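Right, one structure below, let's go through it.
Residue numbers (my numbering), protein chains in the order written: chain C, 31 to 384; chain R, 14 to 427.
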């Protein structure tokens, strides 16, 4: 986001820090964002269930991906256990709702807090270790939680999974895609604004300082332990809320959905979207959710009668994800958000760019 | 950017919609298959059986002249994926019946299909799906719209245990035989775990602690050593064929040789070939005649097989026949429903529950006579126990006994 400020339009001047750290880089960006949200609110009126389903998926995965970006992209730590926190959020929300009877409306943020508590606990090693060692420590938490999900009958229903009640508001059940879309959109807006805002705060700047040079950060008086653990906590909060939204959308939560594969997909989302970019988290999620759909569409287009191709679809989808990650690492390591900025700049200076 | 995302989805979805135009006078049916994933070893032949049978019905007059319009989705044995597919179907395909697959997903869908009134023919024979009213105290949730063709996993295991008790006596065993349950920590192997152990205890077995081994084939020597140390005489294998082959090979290596009992998905012609001598003597409940059998209904099955294999040379294993049977019970119920007010979910359910000792026409000797009532969805409780021998590659199924497991009330839904 910072680089967007350095490429502002002609005629925009900033004379103090306050103007330099607005949530949206320019008034135009703010207006575009507001109009986009308003337009998205119209989608349920004419969108099909398929489109809404994809948008809802993008919503809950996007929230979780932003959480991972906070820990990986902004604080420079690594986490291979994000899917487990996503799952913990889903199970927590279903569990709180079914054992205490608290409405789902409150269960989602509560599940977020519960996941955050566990995340702070699991983040403790991050205060001490870094790099590959941290990767292995978070991998361990992924497996511990996964195994816990498969065995804790009282909490998750064990290997059979748990039912999650639909979201309801004032007695009105929002269990159709049409109505649930608004719930997800609400959370996306809130969580993304909060995420952007976080980076304007003292804590957010501390995260970036820890990432850029931990020794300098410590010398400046930043408590490394505190901020590394805090960033894991905040990241888990996002994962928990995303997971809870996922659980109540599907209506069923099962341990097998939150494997290391999903953790890697989350990593792929933030790498493809752009490490250290709030909007990149969303772009990466959009890319990762739509890629399999595009593959499926392509396969049906080329050979709906070719049974070998249709049967290989599952493999094609998986391979496309792997290929996309490799291609991005080679050709666009800064991710989609960087590419998007380049496109904007190109048109900003068109036709006189050099 | 969100705007461009939106237009992208619009374009994608419109193009997807244009390919699923519905023909008039057709019957939408969902087909959830497992062509990839941990149970694909048996999911592929079963899924082929289901697809071929539906194509055969369509090219032979349909259901009272109406064509089955089915959509196959490979969900890779992931329950969340199955639920997502189901939710999509409810809004676009609007199926009146679904041919499904695994236990995890079928049990997760029980409440959804009951609410939407869509009969669901699973390839999961979990005992939890047999109580439509929820009157049994063992039942966690009533499963009014669930059907499956064959004896439940629990009843199958009970039948095997009953056979094992006789086998122990006839071989002159001393003391209480030891029984052990083996399987992954997954709803499918877990389904008969407690029910079967309870019956084994009733029959005088000593029941040992269960052993967990993975659904994905892999080395299982550690589990086999545990099995050997436990001194089990009868070991029930709860996983599918691929996983069991690797288990038996591992156990052959470490010398653990109890009498293995396989579940209905746990042993077939391919596994006999693959496990060779390590698999000699596995006791298995045969759910269908084998491909070379001369049962009268096999002529129809061979005609069905030609839908995807015009040469007629492909060998189809046991699971294929069971897929065919599942579709033909559905078809017969649809025909009755059509005459009783139209092919809708509730009418199909009613028609299913009127079936008494029913065998689909043309499949005599292939599908077992099955009875469903509005209070009991245990289609059949007859278990035909066979043992298999590798026989140097020319494998044999040796009939042992046919066990009629009693339809006890306290076993409903368990």
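C-beta atoms are modelled at their ideal positions from N, C-alpha and C, and glycine is treated no differently.
Values in this document were obtained by computation on a predicted structure and should not be read as measured data.
- Using a C-beta cut-off of 8 Å, the stretch 280-293 of chain C makes contact with the stretch 182-192 of chain C, since at least three inter-stretch Cβ pairs fall below that distance.
- In chain order, 280, 281 and 282 make up the part of chain C whose C-beta sits under 8 Å from the C-beta of residue 96 of chain R.
- Residue 362 of chain R sits buried, since 16 or more C-beta atoms from the chains shown fall within 10 Å of its C-beta.
- With 16 or more other Cβ atoms inside 10 Å of its own Cβ, residue 76 of chain R counts as buried.
- A Cβ-Cβ contact shorter than 7 Å links residue 174 of chain R with residue 213 of chain R.
- For residue 199 of chain R, the nearest CB of chain C lies under 7 Å from its own CB, placing it at the interface with that chain.
- The criterion of a C-beta distance shorter than 7 Å is satisfied by residue 111 of chain C and residue 172 of chain C.
- Rounded to whole angstroms, the Cβ separation of residue 291 of chain R and residue 261 of chain R is 5 Å, and the two are in contact under 8 Å.
- Along the stretch 93-125 of chain R, the positions whose C-beta sits under 9 Å from a C-beta of chain C are 93, 94, 96, 97, 100, 101, 103, 104, 105, 116, 117, 118, 120, 121, 122, 124 and 125, read in chain order.
- In the three-state reduction of the DSSP assignment, residue 54 of chain C falls in the coil class.
- Using a Cβ-Cβ cut-off of 7 Å, residue 327 of chain R does not count as an interface residue toward chain C, since no Cβ of chain C sits closer than that to its own.
- Between residue 196 of chain R and residue 67 of chain R, the alpha-carbon positions lie close to 33 Å from each other.
- The residue among R:249, R:253 and R:236 with its C-alpha nearest the C-alpha of residue 264 of chain R is R:236.
- The beta carbon of residue 294 of chain R is closer than 6 Å to those of 400 in its chain, skipping five residues each way along the sequence.
- Contact check for residue 259 of chain R against residue 233 of chain R passes: the beta carbons are separated by less than 7 Å.
- Chain R has no Cβ within less than 7 Å of the Cβ of residue 123 of chain C.
- What residue 328 of chain C touches in chain R, judged by beta-carbon distance under 8 Å, is nothing: the nearest beta carbon there is about 10 Å away.
- Boundaries for residue 142 of chain R: no beta strand (DSSP E) harbours it, and the DSSP string shows neither H nor E there.
- Residue 319 of chain R and residue 60 of chain R have their C-alpha atoms roughly 15 Å apart.
- As computed with DSSP, residue 400 of chain R is found in a beta bridge with R:296 and R:411.
- Residues of the stretch 35-64 of chain R that bring their beta carbon within less than 7 Å of a beta carbon in chain C comprise 48 and 49, in sequence order.
- Your pair residue 288 of chain C and residue 176 of chain C checks out as a contact, with CB atoms roughly 7 Å apart and the cut at 8 Å.
- Here residue 345 of chain R is buried, its C-beta having at least 16 other C-beta atoms within 10 Å.
- The criterion of a C-beta distance shorter than 7 Å is satisfied by residue 367 of chain C and residue 304 of chain C.
- One thing to note: residue 136 of chain R has its Cβ no nearer than 7 Å to the Cβ of residue 191 of chain R.
- Between the stretch 40-52 of chain R and the stretch 370-384 of chain C there are fewer than three inter-stretch CB-CB distances shorter than 8 Å, so the stretches are not counted as touching.
- 7 Å or more divides the Cβ of residue 133 of chain R from the Cβ of residue 166 of chain R.
- Sixteen is the threshold: since fewer than 16 other Cβ atoms of the shown chains lie within 10 Å of the Cβ of residue 158 of chain C, the residue is exposed.
- Within the stretch 140-151 of chain C, not one residue has a Cβ closer than 9 Å to any Cβ of chain R.
- Under the 7 Å criterion on CB atoms, residue 129 of chain R is classed as non-interfacial with respect to chain C.
- Relative to the Cα of residue 92 of chain R, the nearest Cα in the group R:117, R:205 and R:106 belongs to R:117.
- By the neighbour-count criterion, in which 16 or more other beta carbons inside 10 Å mark a residue as buried, residue 202 of chain R falls on the buried side.
- Looking at the backbone, the Cα of residue 73 of chain C and that of residue 274 of chain C are separated by about 23 Å.
- Chain-ordered, the chain C residues with CB closer than 7 Å to the CB of residue 89 of chain R read 344.
- A Cβ-Cβ separation of about 5 Å places residue 236 of chain C in contact with residue 257 of chain C under the 8 Å criterion.
- Between the C-alpha atoms of residue 334 of chain R and residue 247 of chain R there is a straight-line separation of about 28 Å.
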